[in-house]
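Worksheet: the structure to be examined is printed underneath.
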Amino acid sequence: MGNPLLTFWEHLFDGDDERHQRRAVLRVAAASASQASATIFLILRRMRTPLIVLIVIFAVSVLGLTVIPGQDLAGEPSRMGFFDAFYFMSYTASTIGFGELPYPFTYSQRMWVTISIYLTVIGWAYAIGSLLALLQDRAFRSALALQHFSRKVSRLREPFVLVAGYGRTGELLGHSLDALGRRIVVVDKDDERIDGLELDSYRGDVPGLAADARDPGHLAVAGLDHPACEAVVALTDDEEANLVIVMAAALLRPELPVIARVTSRALAERMQAFGNPNLVNPFDRFGDHLRLALRAPASYQLLTWLESGPGGELSDRGAPPRDGRWIICGYGRLGRELTADLRAEGLDVTVIDDHPEDVDDPGLLVGDGSDPWLLAQADLDRAVGLVAGTDNDTTNLSLVAAARRSRPSLFLVARQNRPASAPLFAAMDIDALLVPSEVIAHEVYAQLSTPLLWRFLREMPALGDAWAAGVIDSLTTVCGTRLQALWKVRLNASEAPALVGLLASTPVRLGDLLRNPENRAEPLHAVALLVLRDGDATLAPDEDFVLAAGDELLLAGRPGARRALDTSLFVPSVLEYVVHGRRVPASWIWRKLTRTPVAGADVRR
Amino acid sequence: MNLEKVVFGFFVVLAATLNFGFFIGDIDNPDLHNPYELFAAVVVNLIATVLKFGDRTQIGAVHLATSLVADLQLIGAALLFGYATYVSTAGMNESWTASVVSLSGGALLANIVSVVLLVVETVSFHRG
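Quick note, the sequences are listed as chains R and S, same order. The working numbering numbers the first residue of the first sequence as 157 and each following residue consecutively. The working numbering numbers the first residue of the second sequence as 13 and each following residue consecutively.
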């Protein structure tokens, strides 16, 4: 024990392990990059023949010109030198044609020049044609695109999120993250989705690679091994591909957080075996949301509002029936989740499906749900809610229409599968609409935007409906029904130097800090949603909450409020005014003259 | 027998032999150094260079490098030759000839390395 050599050895071993892993990742990336350069070598090889043809044609023409006898102006026999011949051929072959230099040609020379003109034109046409054909070559272009992409990714210096699978979900998530000023890198196997990136209105540059994300090499090129990569999100519509992405991330970069979309329980189990990925199951989440909506409509309203990202509109607070019988049409993945969730809430459920796989469910009716007779048999008149949860939008829409016609007061839940059907569902004015891609995008956004928001959303439901309604009220008075900026402040020497200095001498209440620096009688248009101190979260702290150095604050409010708060946190004299209402001199000379010590001034220096 | 190898070997060796043919003889005697031979050496060297494009092996890379050196030297020699003939008032005298021939001598060295590489590659090739 305590042998320094042994410690050293262990240390060396540990480091070696890490290096080994690092090298494995690098090798993966190198394999993919060399694949790109291999294509370029192949292209070079293909240019061999045209180039050799061109050289030979030039050589033969020049040689011919130097050998064929000519005449000078005096009629004396003379031969062209190599330089003259090469000069003549260069401008003739490129169809510039300066004329016959240095002396007018004899007939034998002209005959040779005629032949060589045709030869060189063919040679050039062949060479340029081959070059253009190569530039059009698909393999060559994709190799170039890969190189371009890997260069862009390796030059990224800001933290970025690697998004594998850029469908509707990826697009929504990308825009939410982009609105927060975060960078993303995208891999999708569909060329059109990647081409669409260029037309999308992103603020930051989004590098996109059209490649199969199941290949770890492509993931590595997309920045899996990049030190600035902060998270990996697997959103492809192929569950198996998501599993492969989770595996690759867990094995090559175990420390990275991974979020994956999954709908089947078996695959979720398999993913859990690799590290500890955050799995997002849209149907499961929607079931949880529906339960929350049944129990606490305001909590549900707050949850969906905060999850929708910057610019999200506050939705109406629905009032789903708390007791009564529900009818669920479609007993697939969604139907099962919802049935289980609703029964767990103590509600009665009748299920309708035309091809149920297991028939041992007590309340199961077999048949087509849009059939009025079957709906009548399911006792629609005495039901309180209906879920149109099949994987066919047309069926869902007709179910909703049929149910509403026979009972307008019914609470309607519908599932929208294709983005194209969105206007139809919007026109139907459905009480709760499930769009799987949006559920996933919101969930992933909540996890990635800041850990504080995720914490807030997880702990919020426990505080009850009335509390959530209070938070919504204070948020709407501050920023209206459209969600403004959400940001995080850590009260430390780099993010809040003035406040840390002041906290050392006097306690500061939250309500005093959130005041307008221009006029402290006005409150700032911002609400503190959460304060995290030593791992303990305080949700929606009130005005009298006393701050301490090291606290982390999650705030929501107008962007202007964020700038004003930053001023208060950074400038000691502004902070002094905001907290205590004292105007103190800001400049060093005035401070010396009036002898006012300003707390926090030392920290700033 | 691989036709590609035949063509490749042919041009590499021909480049070296033409270069040697131009180089041999008194270094300052223009009569012993035929400009046509220099021209042929330049052309054949260029072709040999293009033939070496796109080989990804280590030996292929060295092959390409030697060829590029030979091209550089031979084109330099040709430029000097042209300058001496057309621009310089002295014409193709002893000192110009010596410069041209010595440049081609450098190219010859590179070509010899190329031939040696070719031989090494052939010898180290195991059948079966």
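Glycine included, every Cβ here is placed at the ideal spot set by N, Cα and C.
Under 8 Å, Cβ to Cβ, is there at least one residue of chain S near residue i?
i	result
A283(R)	no
M203(R)	yes
Quick one: which chain S residues come within Cβ less than 8 Å of residue i?
i	result
I224(R)	The premise fails here: I224(R) is roughly 13 Å from chain S at the closest Cβ pair, so nothing lies under 8 Å.
L198(R)	G66
I211(R)	V55, L58, I59, V62
Return yes when the Cβ of residue j is within less than 8 Å of the Cβ of residue i, no when it is not.
i	j	result
S455(R)	P715(R)	no
L688(R)	L608(R)	yes
V388(R)	A320(R)	yes
A110(S)	A82(S)	no
V702(R)	S630(R)	no
R593(R)	T325(R)	For the record, residue 593(R) in the displayed sequence is Ser; it is not Arg. Yes; because the gap between Cβ atoms is below 8 Å, this pair is in contact.
V112(S)	L92(S)	yes
G467(R)	A597(R)	no
G94(S)	F239(R)	yes
A384(R)	H374(R)	no
P679(R)	R671(R)	yes
Q640(R)	A712(R)	yes
S332(R)	G465(R)	yes
I586(R)	V556(R)	yes
W280(R)	A301(R)	no
L329(R)	L462(R)	no
S605(R)	L580(R)	no
At least one CB of chain R closer than 8 Å to the CB of residue i: is that the case?
i	result
G117(S)	no
G94(S)	yes
T134(S)	no
S126(S)	no
Could you list which residues in chain S have their beta carbon closer than 9 Å to that of residue i, in chain order?
i	result
A215(R)	F51, A52, V54, V55, V56, L58, I59
L219(R)	Y48, F51, A52, V55
Could you tell me which chain R residues have their CB closer than 7 Å to the CB of residue i, listed as they occur along the chain?
i	result
L84(S)	Chain R residues near L84(S): none, gap ~16 Å exceeds 7 Å.
L15(S)	Those within 7 Å of L15(S) in chain R number zero; the least Cβ separation is about 14 Å.
P47(S)	F238
For residue i, go through chain S and note every residue whose CB falls closer than 7 Å to its CB, in chain order.
i	result
L207(R)	V62
Tell me the rounded alpha-carbon separation between residue i and residue j.
i	j	result
D170(R)	I87(S)	Interpretation of D170(R) is limited by its pLDDT of 49, a score under 50 that renders its predicted location unreliable; no figure is taken from the coordinates.
V62(S)	P206(R)	10 Å
D381(R)	I350(R)	21 Å
I124(S)	L30(S)	12 Å
T276(R)	L312(R)	47 Å
M245(R)	L221(R)	9 Å
T506(R)	I483(R)	5 Å
I39(S)	E232(R)	32 Å
R571(R)	R370(R)	29 Å
N41(S)	A230(R)	31 Å
L686(R)	L589(R)	29 Å
S107(S)	A90(S)	15 Å
T251(R)	S264(R)	21 Å
F35(S)	D347(R)	58 Å
Y487(R)	T495(R)	9 Å
S126(S)	S272(R)	32 Å
V727(R)	A649(R)	12 Å
N14(S)	F20(S)	10 Å
Please report the residue range of the alpha helix (DSSP H) in which residue i lies.
i	result
V135(S)	106–135
N398(R)	395–408
I39(S)	That residue, I39(S), is in no alpha helix (DSSP H); it is neither H nor E in DSSP.
K644(R)	Taken as a continuous stretch (DSSP letters only), K644(R) belongs to no alpha helix (DSSP H), being part of the beta strand (DSSP E) at 641–646.
V212(R)	204–223
E425(R)	421–428
T251(R)	T251(R) -> no alpha helix (DSSP H), and no H or E assigned at all.
G667(R)	666–669
N434(R)	Run containing N434(R): none in the alpha helix (DSSP H); it sits in the beta strand (DSSP E), 434–436.
Could you tell me which chain R residues have their CB closer than 9 Å to the CB of residue i, listed as they occur along the chain?
i	result
T29(S)	Here the premise fails: no neighbours, minimum Cβ distance about 17 Å.
T97(S)	G237, F238, F239
Starting from residue i, trace the beta strand (DSSP E) both ways and give me its first and last residue.
i	result
L365(R)	364–366
L709(R)	708–713
E386(R)	385–390
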